[in-house]
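Just so you know, we're using this note's numbering here: the sequence shown kicks off at 677 and counts up by one. Below is one structure; the comments refer to it alone.
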Amino acid sequence: MGDLVKGLILATNENNILTRFVNEGIYKRGRVIQTISPSMDIQVASNFERYLYYLFDEDPERVRETMARFKEEERLCFSEEELRRIQRDFLSISITQEETLATIRAFYEETGYILDPHTAVGVRAALQFLEEGLPMICLATAHPAKFPEAVSQALGFEPPVPEPLQGLSEKPRRVVILPADSAVVRRFIEENAPSPPKAS
């Protein structure tokens, strides 16, 4: 990790496969629960293999074997030594939908800033692990205007839409459906993309 970062906090909503992985050493597929933070509504993390590559000392064959076993058994159990390594890298906590809404509300009342529901999950987790004298950085993940229903549920009003996006939903949509064929997609791009500017 380096000397400047003590660790990373891995925050999840109720879809907590990664929290169980960090805290228990078990990576097990579960049922997806629909929440107000939909980008976290998953049961298999898309970048999990990248971390396994690091955990397994950059052994791609072991990663392949492990993920093949997971595909078949839908469950992985990690050794005590692996769990110690995982917990050196991460702290993790699962945040409920009620906690997410309460965090949006409290943060707005205290600062006037509207958190989107995904960022609220991260902020709530950060507050759980906050240590005196140790700086904590939270990175916002989306604009709250993308989640008007969640913000309205927390605050009683929808967040303002940024000026450049106002009226976007009234503009005509242009959609072209292409077959799953890379040659067709390439040809479409070549025929429809603007020409690059000429070097002066």
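Just so it is clear, CB atoms sit at the ideal spot from N, CA and C, and this is done for glycine as well.
Out of the options, which one is the CA nearest neighbour of residue i?
{"i": "residue 703", "options": "737, 788, 742", "result": "742"}
{"i": "residue 770", "options": "810, 685, 786, 701", "result": "685"}
{"i": "residue 818", "options": "750, 793, 731, 734", "result": "793"}
{"i": "residue 730", "options": "762, 865, 753", "result": "762"}
{"i": "residue 722", "options": "736, 694, 807", "result": "694"}
{"i": "residue 841", "options": "852, 861, 820", "result": "820"}
{"i": "residue 720", "options": "714, 705, 701", "result": "705"}
{"i": "residue 829", "options": "707, 873, 776", "result": "776"}
{"i": "residue 689", "options": "709, 869, 806, 802", "result": "709"}
{"i": "residue 711", "options": "757, 692, 726", "result": "692"}
{"i": "residue 766", "options": "696, 837, 868, 850", "result": "696"}
{"i": "residue 726", "options": "871, 718, 740", "result": "740"}
{"i": "residue 713", "options": "728, 816, 806", "result": "816"}
Taking the straight line between their C-alpha atoms, what separation do you get for residue i and residue j?
{"i": "residue 789", "j": "residue 783", "result": "7 Å"}
{"i": "residue 846", "j": "residue 748", "result": "46 Å"}
{"i": "residue 833", "j": "residue 822", "result": "14 Å"}
{"i": "residue 759", "j": "residue 724", "result": "15 Å"}
{"i": "residue 738", "j": "residue 687", "result": "27 Å"}
{"i": "residue 856", "j": "residue 864", "result": "12 Å"}
{"i": "residue 878", "j": "residue 862", "result": "Because the chain in this structure spans residues 677 to 876, residue 878 falls outside the shown range and cannot be described."}
{"i": "residue 837", "j": "residue 875", "result": "38 Å"}
{"i": "residue 831", "j": "residue 791", "result": "11 Å"}
{"i": "residue 906", "j": "residue 701", "result": "This structure cannot speak to residue 906, because the chain is shown only from 677 to 876."}
{"i": "residue 677", "j": "residue 746", "result": "At residue 677, the pLDDT of 44 sits below 50, so the modelled position is not reliable and the matter cannot be decided from this model."}
{"i": "residue 803", "j": "residue 812", "result": "9 Å"}
{"i": "residue 779", "j": "residue 682", "result": "24 Å"}
Check for me: the alpha helix (DSSP H) holding residue i runs from which residue to which?
{"i": "residue 704", "result": "Element bounds for residue 704: not the alpha helix (DSSP H) but the beta strand (DSSP E), 702-704."}
{"i": "residue 865", "result": "858-868"}
{"i": "residue 724", "result": "724-731"}
Quick one: measure Cβ to Cβ for residue i and residue j, integer angstroms, because I've assumed they're closer than 8 Å.
{"i": "residue 755", "j": "residue 699", "result": "The Cβ separation is near 15 Å, so there is no contact."}
{"i": "residue 797", "j": "residue 716", "result": "7 Å"}
{"i": "residue 814", "j": "residue 787", "result": "12 Å between Cβ atoms; not a contact."}
For the beta strand (DSSP E) that residue i lies in, which residues bound it at each end?
{"i": "residue 687", "result": "684-688"}
### Query
Whole beta strand (DSSP E) runs in the region 744-773 with 3 or more residues, listed along the chain?
Qualifying beta strand (DSSP E) stretches, in chain order: 751-753, 766-770.
### Message
My parser needs the alpha helix (DSSP H) runs of 4 or more residues fully inside the region 777-854; what are they?
### Response
Here the runs fully enclosed are 793-805, 824-831.
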